[in-house]
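K.L.:
Encoded as structure tokens, here's the structure I'll be asking about.
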Amino acid sequence: MESTYLQKILGTCLTEGLAEVARMRPVDPIEYLALNVMFFFKSCERQEEMVQLEHEREVALMEQEMMERLKAEQLLFQQ
């Protein structure tokens, strides 16, 4: 049960972090791994924010296009 949780939450992060520790062989591997994990999750958060911002931008563009179409239709009806 716990291993499933850890694998789901930390799987990729720990795998990449431990591989990096093995490759770099830092003086303090625990601190290095901790910093690597923090960097990984901050990168994930930034990526999620970018996806959300892109979605919001697409929605705003769609709304703008709809408003422009409505204005064009209103102008046609006024003529």
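Residue 1227, in the numbering used here, is where the sequence shown stops; the numbers in between run on with no holes.
Using N, Cα and C, we set each Cβ at its ideal position, and we do this for glycine too.
Verify whether the separation of the beta carbon atoms of L1181 and G1159 is less than 8 Å.
P.N.:
Position 33 of the sequence shown holds residue 1181. Position 11 of the sequence shown holds residue 1159. Going by C-beta atoms, L1181 is not nearer than 8 Å to G1159.
K.L.:
Under the assumption that E1168 contacts N1184 (Cβ atoms under 8 Å), give the Cβ distance between them as a whole number of angstroms.
P.N.:
Start at 1 with the first residue of the sequence shown, and residue 1168 comes out as number 20. Start at 1 with the first residue of the sequence shown, and residue 1184 comes out as number 36. Contact holds; Cβ gap of about 6 Å.
K.L.:
Assuming R1205 is part of the alpha helix (DSSP H), what are its boundary residues?
P.N.:
Numbered from its first residue, the sequence shown carries residue 1205 at position 57. Segment P1177 to Q1226, the alpha helix (DSSP H) holding R1205.
K.L.:
Roughly how many whole angstroms lie between the Cα atoms of Q1212 and S1191?
P.N.:
The count along the sequence shown starts at 1 and reaches residue 1212 at position 64. The count along the sequence shown starts at 1 and reaches residue 1191 at position 43. Answer to the nearest angstrom: the Cα atoms are 31 Å apart.
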